[in-house]
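The structure appears right after this line, and notes come after that.
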Amino acid sequence: MEDKTTTRERLDAEMERKLAPDTRSPLEKLVLACRMLGALGHWHGGLAGQITMRGERPGTYWTPKFGIGADEVTPADLILVDDDLQALDGVSLPNPAVRFHLWVYRVRPDVQSIVHTHPPAVTALSMTGQRLAVGHMDATPFHDNCGYLGDWPGLPIADNEGEIIAGALGSRKALLLAHHGLLTAGATIEEAAVLAIWLEQAADAQVRAAAIGTVREVKPELAREARDFLLKPQITGLTFQYFARRALREAPDCLQGAAQHPSLN
Numbered sequence: 001m002e003d004k005t006t007t008r009e010r011l012d013a014e015m016e017r018k019l020a021p022d023t024r025s026p027l028e029k030l031v032l033a034c035r036m037l038g039a040l041g042h043w044h045g046g047l048a049g050q051i052t053m054r055g056e057r058p059g060t061y062w063t064p065k066f067g068i069g070a071d072e073v074t075p076a077d078l079i080l081v082d083d084d085l086q087a088l089d090g091v092s093l094p095n096p097a098v099r100f101h102l103w104v105y106r107v108r109p110d111v112q113s114i115v116h117t118h119p120p121a122v123t124a125l126s127m128t129g130q131r132l133a134v135g136h137m138d139a140t141p142f143h144d145n146c147g148y149l150g151d152w153p154g155l156p157i158a159d160n161e162g163e164i165i166a167g168a169l170g171s172r173k174a175l176l177l178a179h180h181g182l183l184t185a186g187a188t189i190e191e192a193a194v195l196a197i198w199l200e201q202a203a204d205a206q207v208r209a210a211a212i213g214t215v216r217e218v219k220p221e222l223a224r225e226a227r228d229f230l231l232k233p234q235i236t237g238l239t240f241q242y243f244a245r246r247a248l249r250e251a252p253d254c255l256q257g258a259a260q261h262p263s264l265n
């Protein structure tokens with residue numbers, strides 16, 4: 001009988017050898033991330049929230065134009081902005097709240113993509129003064145990995161809010177913002193999007209469980225073990241591909257024009 005360490009090592013080797021990488025372009029993945037998050041209610045209240053991704057040139061970032069809902073994003077709706085939040089096409093207007101993303105990118109060179117949304121369960125939890133509880137296996141990716149900003153700094157459109165939010169995130173991959181929403185910071189667009197989905201699911205489970213009784217947290221050593229497995233790029237990549245297939249079933253033409261985007265030519 002294999003022990004868990006041997007099984008884990010074998011699975012790691014098999015995933016590395018047998019799982020094919022997603023060959024879609026970064027812009028296609030950004031469109032799909034918007035679509036899947038929109039479909040799952042992350043923009044249920046309208047236009048609040050942002051999603052960004054580093055561009056190929058240093059100090060540039062991709063984001064949807066201001067006023068475009070996540071559930072309707074196409075490649076034509078994506079714009080490239082500089083480190084001062086100016087659209088490089090000289091015409092488009094980015095969401096002004098993207099400014100706080102820039103502060104995270106400045107201090108976290110490991111971060112390639114950021115998601116900030118106000119989904120229902122995270123919104124409810126953010127109003128209670130409680131941190132995210134790791135009380136279920138599905139929440140373990142956030143063990144020692146989800147910060148908490150207990151005081152809302154106000155509308156996050158200025159540099160001061162960016163400094164505060166980046167500081168609260170620290171070296172983690174996620175942040176629960178009191179009176180506000182969530183932030184996830186991924187090494188890939190896939191990781192940032194999947195973590196946002198998982199964080200809303202974890203918050204929803206916590207809110208539901210609290211209606212029954214006290215939430216019992218997972219033992220730290222077991223939470224750490226599960227976190228390290230679930231955050232493997234192969235796992236987050238496969239999860240992203242699953243939600244991408246769902247998004248493409250709903251909108252099979254949503255990626256048209258990605259290769260012809262003017263900022264790529």
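Mind the numbering: the sequence shown is residues 1 to 265 in full-length UniProt numbering, read in order. Glycine is no exception: its CB is placed at the ideal position from the N, C-alpha and C atoms. The model shown is predicted, which means the values in this text are computed figures rather than measured ones.
Assigned exposure category for Tyr-61 - 16 Cβ within 10 Å defines buried: Tyr-61 is buried by the Cβ-count criterion.
Cβ-Cβ distance between Val-215 and Gln-201 below 7 Å: No, Cβ-Cβ distance for Val-215 and Gln-201 is not below 7 Å.
C-beta atoms of Ala-97 and Ile-189 nearer than 7 Å: Remark: C-beta atoms of Ala-97 and Ile-189 do not approach each other more closely than 7 Å.
In DSSP terms, what His-179 is bridged to: DSSP output for His-179 lists no bridge partner at all.
For Gln-130, the nearest candidate out of Leu-149, Leu-102, His-143 and His-118 (CA to CA): Considering only alpha carbons, the answer is Leu-149.
Sufficient close CB pairs (3 or more, under 8 Å) joining the region 115-124 to the region 30-40: Judged by Cβ distances under 8 Å, the region 115-124 makes contact with the region 30-40, as three or more pairs qualify.
Whole runs of the alpha helix (DSSP H) within the region 7-77, excluding any shorter than 4 residues: Counting only runs of 4 or more, we get 26-39.
Boundaries of the beta strand (DSSP E) in which Thr-117 is found, first to last residue: 113-117 is the extent of the beta strand (DSSP E) around Thr-117.
Heavy atom of the ligand PLP within 6 Å of Phe-66 beta-carbon: In terms of ligand content, the structure shown is empty, and the ligand PLP therefore cannot be addressed.
With 16 other Cβ atoms within 10 Å as the buried cut-off, status of Gln-256: By the 10 Å Cβ count, Gln-256 comes out exposed.
Own chain residues within Cβ distance below 7 Å of Ala-209, not counting five before or after: The residues are Gly-135 and Val-215.
Residue range of the beta strand (DSSP E) that includes Leu-149: For Leu-149, the enclosing beta strand (DSSP E) has its first and last residue at 146-149.
His-261 versus Thr-123 - alpha carbon distance: Looking at the two C-alpha atoms, the distance is approximately 35 Å.
Boundaries of the alpha helix (DSSP H) in which Ser-126 is found, first to last residue: Following the DSSP letters along the chain, one finds Ser-126 inside the alpha helix (DSSP H) bounded by residues 120-126.
Enclosing alpha helix (DSSP H) for Ile-157 [first to last residue]: No alpha helix (DSSP H) holds Ile-157; DSSP gives it neither H nor E.
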